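K.L.:
These protein sequences, in sequence, are chains A and B.
Under the working numbering, the first residue of the first sequence is numbered 1, with each subsequent residue one higher.
Under the working numbering, the first residue of the second sequence is numbered 112, with each subsequent residue one higher.
Take a look at the following structure, please.
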Amino acid sequence: SQQGEEDPQALSIQEGENATMNCSYKTSINNLQWYRQNSGRGLVHLILIRSNEREKHSGRLRVTLDTSKKSSSLLITASRAADTASYFCAGSGGGADGLTFGKGTHLIIQP
Amino acid sequence: DAGITQSPRHKVTETGTPVTLRCHQTENHRYMYWYRQDPGHGLRLIHYSYGVKDTDKGEVSDGYSVSRSKTEDFLLTLESATSSQTSVYFCAIREGGTDTQYFGPGTRLTVL
């Protein structure tokens, strides 16, 4: 079963605008990780947020986590054409647990 | 890329043949994982390992087996490949200090 469900499934915006993607998950997590995947390529790790954190920043990325609502959001500010990709959230229960992924948001940045 | 390589990168095989995919890491990570990625499903966990000869099943383990005889290598075997196992397979390691999982480049497997 999917742990995370991203929303929206697809998003198209103009270059320079901000892009927000949401993720909801079903069971308790130790941490939640966001990844980027360019078409036909591997997964690039973007950011990890732990269950006791509410917000985290990395460059143009801002991630929030609301454990009471079992939801997270990824904000990309000042988008660039190179940000065009699929974005996945993935939750981990900790320990040796693998990640449980959502189906992803496909982001298209229009030049 | 956390020193992860996968081989082969592409493979075409026929139904009923055995297939082994290899994941190799160079940084002595304890935890290793195999996932498959299919359209409409995202990535799903097949098997994982928490040490040499220590492995466990994931969400979609039927039809797959794994082995880990050395820290650096984690093998995924399809004993008798089926068309439903056509997929892209990703290996990952978990970085112990941060819990971050890093992924290999993937193997695209086609079963005819």
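For glycine and all other residues, C-beta sits at the position ideal for the given N, C-alpha and C.
This one's a predicted model, so the numbers in the text were calculated from it and none came from an experiment.
1. Who does A:LEU99 pair with in a DSSP beta bridge?
2. Interface residues of chain B around A:LYS70 at Cβ under 9 Å?
3. Closest Cβ-Cβ distance between A:GLY91 and chain C: below 7 Å?
4. Return helix, strand or coil for A:ALA78, following the three-state DSSP convention.
5. What in chain A is Cβ-close to B:THR224, meaning under 8 Å?
6. Alpha carbon to alpha carbon, how far is B:ARG142 from B:GLY162?
7. Which residues of chain A have a Cβ atom closer than 9 Å to the Cβ of B:PRO216, listed in chain order?
8. When the Cα atoms are used, what is the spatial distance from B:LEU186 to B:ILE157?
9. Can you find a CB in chain B that lies within less than 7 Å of the CB of A:GLY59?
10. When you compare only the Cα positions, how much space is there between B:HIS135 and A:ALA96?
P.N.:
In brief:
1. Answer by DSSP bridge pairing: none, since A:LEU99 is not bridged.
2. Simply none; closest approach about 17 Å.
3. Judged by its chain identifiers, the structure shown contains no chain C, and its protein chains are A and B.
4. Three-state result, A:ALA78: coil.
5. There is simply no residue 224 of chain B to check, as chain B begins at 112 and stops at 223 in what is shown.
6. Checking the displayed sequence, the identity of residue 142 of chain B turns out to be Tyr instead of Arg. When rounded, the separation of the alpha-carbon atoms in B:TYR142 and B:GLY162 is 6 Å.
7. Near B:PRO216 (Cβ distances below 9 Å), the residues of chain A are ARG41 and GLY42.
8. When the Cα atoms are used, B:LEU186 and B:ILE157 turn out to be separated by approximately 12 Å.
9. Taking Cβ atoms only, chain B never reaches closer than 7 Å to A:GLY59, which makes this a no.
10. Linking B:HIS135 to A:ALA96 through their CA atoms gives a straight-line distance of about 19 Å.
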